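Worksheet: one structure, shown below.
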């Protein structure tokens, strides 16, 4: 017996995804326009990290790379804490104005995010033995646009961090089947910021010993390039890489999310 209840028609999941992915270019365009609009907000678009790179990198040539800092606040100086090779990489940006540097860096970071999204999906398509077509391209645009609204991408862009650029270079290396290029991606990014060096564990797990060896070789090359610019800075950094970043920081800073930091902010002094 029919009760006359009408069941709404539901689109198949594949068809629903297809229609959603058609919005990929729109999602990316709206997301980028929103980021551009936020550039006019000095609070949400401080790009503090980029300012450190841009302001302090010239000290690689003039001396005192690890002795000077950017006065972020009266009690919170921000020193340059990356290897000398990183300062050399940022030197070309120092010929630009600060506004031009922010625009170039933002465009580069968004471009790297789009490439990262596309490269990741290409590997998924290859694993599924599917042909890379227009639908996959729309997927890449959609997810890149969506990522612009999510953390940690928003903070990376707002603070002008180098993470998206490093992620793109690292992904290119890890995805390459040529050991020399795979090692290039890991070695160069580790020469800019030590964190990507952990990626050699992937090569070890995959028994790609030649790629692991090339990673070490490329890292040594970045160290040599940094030493060519400043032997003293290079020696100081690699002799004590943790020491150069051991600048005193205020315990009560909002960046410190520990219990001690919270109590120090509450009572107005270091409770430790």
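In this note's numbering, the protein residues as written are 135 to 406. All C-beta atoms, glycine included, are put in the ideal place defined by N, C-alpha and C. Bear in mind the structure is a predicted one, so any value in this text is a computation, not a measurement.
Pairwise C-alpha distance: residue j and residue i
i	j	result
residue 172	residue 163	14 Å
residue 217	residue 187	11 Å
residue 141	residue 165	Low local confidence applies: a pLDDT of 47 at residue 141 is under 50, so the model's placement there is unreliable, with the coordinate-based value given in what follows. Spanning the two alpha carbons is a distance of roughly 36 Å.
residue 248	residue 275	7 Å
residue 293	residue 284	14 Å
residue 324	residue 198	22 Å
residue 330	residue 401	38 Å
residue 195	residue 358	15 Å
residue 185	residue 264	43 Å
residue 183	residue 295	6 Å
residue 360	residue 303	19 Å
residue 311	residue 342	10 Å
residue 136	residue 262	The predicted model places residue 136 with a pLDDT of 49, which falls under 50 and marks its position as unreliable; any figure quoted below should be read in that light. If I take the Cα positions, the gap works out to 44 Å.
residue 307	residue 278	20 Å
residue 189	residue 228	7 Å
First and last residue of the uninterrupted alpha helix (DSSP H) at residue i
i	result
residue 168	158–172
residue 183	182–190
residue 200	Where residue 200 is concerned, there is no enclosing alpha helix (DSSP H), given that its DSSP letter is neither H nor E.
residue 297	297–309
residue 313	313–326
residue 274	268–281
residue 149	147–155
residue 334	334–339
residue 292	287–292
residue 361	343–363
Closest residue to residue i among the options (Cα-Cα distance)
i	options	result
residue 240	278, 285, 298 and 223	298
residue 300	314, 327 and 277	327
residue 290	366, 234, 244 and 373	244
residue 204	191, 197 and 196	191
residue 201	367, 363 and 279	367
residue 161	281, 180 and 334	281
residue 305	254, 402, 287 and 371	254
residue 180	237, 363 and 155	237
residue 150	337, 273 and 222	273
residue 443	256, 268 and 393	Residue 443 is absent from the structure shown; the chain starts at 135 and stops at 406.
residue 221	363, 404, 242 and 369	363
residue 309	332, 242 and 336	336
Residues near residue i by beta carbon distance below 7 Å, same chain, minus five either side
i	result
residue 259	266 and 270
residue 344	313
residue 175	none
Cut-off 8 Å between Cβ atoms - residues of its own chain near residue i, not counting five sequence neighbours on either side
i	result
residue 147	none
residue 286	297
residue 169	240, 244, 282 and 291
residue 371	200, 217, 218, 360 and 378
Cut-off 6 Å between Cβ atoms - residues of its own chain near residue i, not counting five sequence neighbours on either side
i	result
residue 317	345, 348, 349 and 352
residue 224	187 and 191
residue 252	274
residue 155	272, 273 and 276
For the segment 207–244, which segments carrying the alpha helix (DSSP H) assignment without a break, of at least 4 residues, lie completely within its bounds, in sequence order?
218–224
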